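Please read the structure below before turning to the comments.
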């Protein structure tokens with residue numbers, strides 16, 4: 001029996017574990033899930049083959065080393081900051097490692113050690129990052145193989161609610177870490193390239209410069225820009241494209257309303273709100289509005305943020321209860337923490353809710369004769385239930401498939417990698433289709449002058 | 457002869473040196489100015505008594521120690537980050553130290569060592585911080601001594617151009633570190649208290665929530681909020697006031713126009729603009745605007761920032777040359793660095809220009825019978841010439857006066873202090889009057905209901 005060790009049993013663990021357990025019978029695997037608190041793991045492995053849960057503190061070097069020494073492959077589903085700890089044990093015992101997180105600076109610093117140890121370390125093997133790389137690179141490599149020149153690349157991903165389950169005015173609920181949603185865009189200016197020009201967007205304009213896209217059968221979405229699209233120029237070998245832009249999808253109207261929180265200042269995570277514990281939601285909002293004893297909080301906010309009565313914006317805000325007298329109850333909280341607390345009351349995914357992952361790539365390319373085309377590649381997948389959400393499945397399944405390929409010796413790569421090589425992404429994208437995670441491509445001829453395309 | 461050692465010969469040095477040199481004859485002082493580059497110091501001491509300039513690298517421990525060991529008093533005019541180095545030598549040789557900078561965390565960590573060494577360390581002894589503390593505390597202590605209860609405290613300071621010299625559409629030139637002007641407000645949300653309520657302002661609204669004030673004989677000004685007014689509650693013993701607000705003064709219209717830079721994103725200091733060296737001013741501005749090949753940069757900017765043709769805002773922007781084809785020429789520069797470079801072309805103070813410092817405090821207080829009053833205390837002072845600017849004088853003179861008091865034994869204090877004690881501020885404020893730095897107080901009765909006062 002070959003042994004797979006999984007560190008962490010968070011939200012994306014159930015789909016990973018279910019996949020590995022199913023495959024374990026034919027492949028003769030033993031699966032161990034290590035977590036400080038094993039209750040979630042125990043729930044996820046109930047009724048599954050070849051799985052066990054063990055209690056382990058990732059900071060306990062000796063326990064971690066013992067577990068890794070016994071394993072043939074390690075999958076780390078822990079938060080990104082713990083991966084270098086896991087890596088240190090993998091280096092010591094020469095065990096391969098896969099994670100769904102961004103390749104950190106800490107990882108890159110160990111690249112030479114990884115090479116010397118002769119192990120394979122694969123990061124960014126989830127959804128975003130993960131499936132985004134794989135699906136984009138498949139199109140990019142195919143276009144190149146056919147001798148075409150890519151001029152434009154845009155890519156959007158969104159974790160949303162499935163149609164029928166998007167039943168609030170924002171058409172949004174949390175399917176992942178709510179804190180990341182609240183702090184989105186705060187970590188620095190956006191950088192991208194548009195028709196050969198470098199463009200920058202500050203946080204204060206981020207949610208007002210969205211692009212609208214439509215996906216057949218699923219309607220309209222809007223995308224706001226991710227922080228740094230430029231780093232993908234090199235990553236994807238697209239140094240010569242005229243346009244590169246990566247973004248995050250929401251349903252139309254979300255971003256305009258979210259911008260109200262940005263303008264108000266309530267997404268700030270850098271200071272403590274005075275007496276946050278005993279403050280009401282209404283008082284919290286009022287603390288960001290100018291003093292005026294004669295007007296209501298609602299009226300002051302509408303005036304301050306220039307909200308028209310009939311814009312639908314107040315309806316979105318009111319749906320969150322931000323004007324109520326409910327007490328916050330959080331000690332020494334930042335505005336961002338309080339906003340997250342408020343949003344969770346309306347945006348927590350229910351046991352019967354279904355989520356949806358949407359991914360959409362757009363390419364413009366020229367063939368050898370100078371003819372221009374637009375190619376789109378899009379994927380929409382719906383969650384199964386509250387454990388096996390679309391988010392959990394699209395993160396967990398690629399992780400599991402990478403594990404299978406590595407253990408079966410179907411990948412002959414050593415060193416530190418992302419899933420941008422065909423020998424990794426081809427089998428994974430093919431197998432994902434069996435799990436209803438499938439890309440639809442469409443190519444249409446366009447005019448040479450792409451300057452008349454939608455402007456953002 | 458007693459020996460005064462001055463570290464640094466920056467913009468506020470000439471007024472300090474001139475004051476000390478003049479006083480040195482009667483007081484029998486020897487003044488040494490230590491700087492890495494002594495050319496400025498040599499110019500400032502030309503024709504003055506008892507002064508010499510020596511070359512010294514502040515990072516050279518042995519040179520610094522030798523200089524401090526010989527001194528009876530050290531004045532550090534260096535940037536704030538170097539003061540703890542100076543302090544280490546002062547602690548070793550038990551020499552008193554005065555600086556015009558904010559008391560840093562590094563200073564506070566040494567409070568116990570300062571106490572044990574039995575020396576006197578006085579920070580915040582310039583203008584702002586400095587004269588602001590002293591002039592406010594004089595009013596606060598007087599009102600308390602008379603048995604009054606203070607309910608409102610607002611305080612504004614501005615470094616501006618004197619009337620007649622404010623000859624550009626912004627009515628503004630740099631009289632201090634331009635970088636601080638460009639980055640003003642970026643370091644965190646504003647916090648203050650208004651009529652008993654805590655209020656917060658994010659950067660994106662900072663320059664739109666100004667307060668207008670008028671000073672007799674000098675016309676109208678507008679003030680935007682300084683970052684943290686709340687720390688003055690304890691510092692000034694004003695824990696029970698209903699309102700505390702500190703701000704920075706500009707001429708009316710400045711802030712509304714400056715907000716355009718904030719909204720555009722060009723005050724960002726966190727990333728490098730691609731190929732900043734060869735870019736033109738116009739291309740720089742365009743890189744923050746949405747792509748559109750059909751409209752001019754000016755038109756896009758007006759549309760993007762919702763600027764009305766007749767608002768005077770475009771005139772302000774155009775006066776800076778931001779739409780010209782002048783090449784930036786700065787390698788690997790941030791947006792803030794490029795903006796500073798552009799602004800310096802229009803806002804550099806000329807040899808014949810005169811600047812102006814404006815300080816304005818407003819208090820509401822109640823007497824024992826419940827009668828309410830407003831008391832204002834304001835100071836306006838005009839610079840003498842390009843060296844002895846109002847800024848240099850209001851920073852350098854209080855430093856010099858503190859030096860005189862310490863060397864003459866007129867202050868009997870040890871430990872780490874700010875100039876908020878009467879025994880420090882009274883003689884300094886009195887002497888400043890002889891140098892045309894004088895506060896005018898005015899008290900008028902007001903209605904008990906201060907809720908009808910101007911709203912901000």
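Chains as they are written, first to last, in my numbering: chain U, 1 to 456; chain S, 457 to 912.
Each residue gets a CB set at the ideal place from its N, CA and C atoms; glycine is no exception.
Please read all numbers here as calculations on a predicted model, not as lab measurements.
How many Å lie between residue i and residue j at the Cα?
| i | j | result |
| --- | --- | --- |
| residue 199 of chain U | residue 759 of chain S | 17 Å |
| residue 543 of chain S | residue 553 of chain S | 7 Å |
| residue 455 of chain U | residue 399 of chain U | For residue 455 of chain U, the pLDDT reaches just 41, beneath the cut-off of 50, and the residue's location in the model is therefore unreliable, although a value from the coordinates is still provided. Computed Cα separation, rounded: 37 Å. |
| residue 427 of chain U | residue 116 of chain U | 27 Å |
| residue 368 of chain U | residue 143 of chain U | 11 Å |
| residue 779 of chain S | residue 209 of chain U | 22 Å |
| residue 469 of chain U | residue 385 of chain U | Nothing about residue 469 of chain U can be read from this structure; chain U reaches only from 1 to 456. |
| residue 18 of chain U | residue 177 of chain U | 22 Å |
| residue 170 of chain U | residue 668 of chain S | 39 Å |
| residue 283 of chain U | residue 293 of chain U | 13 Å |
| residue 246 of chain U | residue 578 of chain S | 53 Å |
| residue 16 of chain U | residue 644 of chain S | 41 Å |
| residue 388 of chain U | residue 12 of chain U | 8 Å |
| residue 221 of chain U | residue 278 of chain U | 38 Å |
| residue 330 of chain U | residue 183 of chain U | 18 Å |
| residue 417 of chain U | residue 315 of chain U | 47 Å |
| residue 90 of chain U | residue 3 of chain U | 14 Å |
| residue 404 of chain U | residue 353 of chain U | 31 Å |
| residue 181 of chain U | residue 1 of chain U | 41 Å |
| residue 102 of chain U | residue 80 of chain U | 7 Å |
| residue 466 of chain S | residue 623 of chain S | 26 Å |
| residue 706 of chain S | residue 846 of chain S | 16 Å |
| residue 443 of chain U | residue 44 of chain U | 42 Å |
| residue 242 of chain U | residue 151 of chain U | 5 Å |
| residue 319 of chain U | residue 157 of chain U | 26 Å |
| residue 457 of chain U | residue 378 of chain U | Since the displayed chain U opens at 1 and closes at 456, residue 457 of chain U lies outside it and no answer follows. |
| residue 696 of chain S | residue 690 of chain S | 10 Å |
Could you tell me whether the Cβ atoms of residue i and residue j are closer together than 8 Å?
| i | j | result |
| --- | --- | --- |
| residue 650 of chain S | residue 822 of chain S | no |
| residue 798 of chain S | residue 732 of chain S | no |
| residue 207 of chain U | residue 414 of chain U | no |
| residue 490 of chain S | residue 510 of chain S | yes |
| residue 708 of chain S | residue 265 of chain U | no |
| residue 186 of chain U | residue 272 of chain U | no |
| residue 609 of chain S | residue 819 of chain S | yes |
| residue 230 of chain U | residue 317 of chain U | no |
| residue 58 of chain U | residue 85 of chain U | yes |
| residue 867 of chain S | residue 876 of chain S | no |
| residue 191 of chain U | residue 228 of chain U | yes |
| residue 893 of chain S | residue 832 of chain S | no |
| residue 885 of chain S | residue 581 of chain S | no |
| residue 394 of chain U | residue 357 of chain U | yes |
| residue 769 of chain S | residue 713 of chain S | yes |
| residue 800 of chain S | residue 630 of chain S | yes |
Quick one: list the residues of chain A neighbouring residue i, beta-carbon separation under 7 Å, in chain order.
| i | result |
| --- | --- |
| residue 726 of chain S | Absence of chain A from the displayed structure is noted, the protein chains being U and S. |
So who's on the other strand from residue i, going by DSSP bridges?
| i | result |
| --- | --- |
| residue 116 of chain U | Answer is none; residue 116 of chain U lacks a bridge partner. |
| residue 446 of chain U | U:372 |
| residue 97 of chain U | U:74, U:121 |
| residue 692 of chain S | Paired residue(s): none; residue 692 of chain S is not in a bridge. |
Residues of the region 184-208 of chain U in Cβ contact with chain S at a cutoff of 7 Å, in chain order, please. 188, 189, 191, 194, 195, 197, 198, 199, 200, 201, 202, 204, 205
Complete runs of the alpha helix (DSSP H) confined to the region 583-622 of chain S [at least 4 residues]: 587-601
Near-chain S residues of the region 281-308 of chain U - C-beta to any C-beta below 9 Å: 283, 286, 287, 288, 289, 290, 291, 292, 293, 294, 304
Please list, in chain order, the residues of the region 228-258 of chain U that have any C-beta partner in chain S closer than 7 Å. none
Name the residues in the region 778-798 of chain S whose C-beta lies less than 9 Å from a C-beta of chain U; which are they? 791
When Cβ atoms are compared, which residues of the region 621-639 of chain S fall closer than 9 Å to chain U? none
Beta carbons nearer than 9 Å to chain U: which residues of the region 829-845 of chain S have them? none
Compile a chain-ordered list of the residues in the region 458-479 of chain S whose CB is closer than 8 Å to at least one CB of chain U. none
Taking only runs that begin and end inside the region 788-833 of chain S, name each unbroken alpha helix (DSSP H) of 4 or more residues, in chain order. 791-803
4 or more residues per run - each alpha helix (DSSP H) lying fully within the region 503-549 of chain S: 517-526, 539-549
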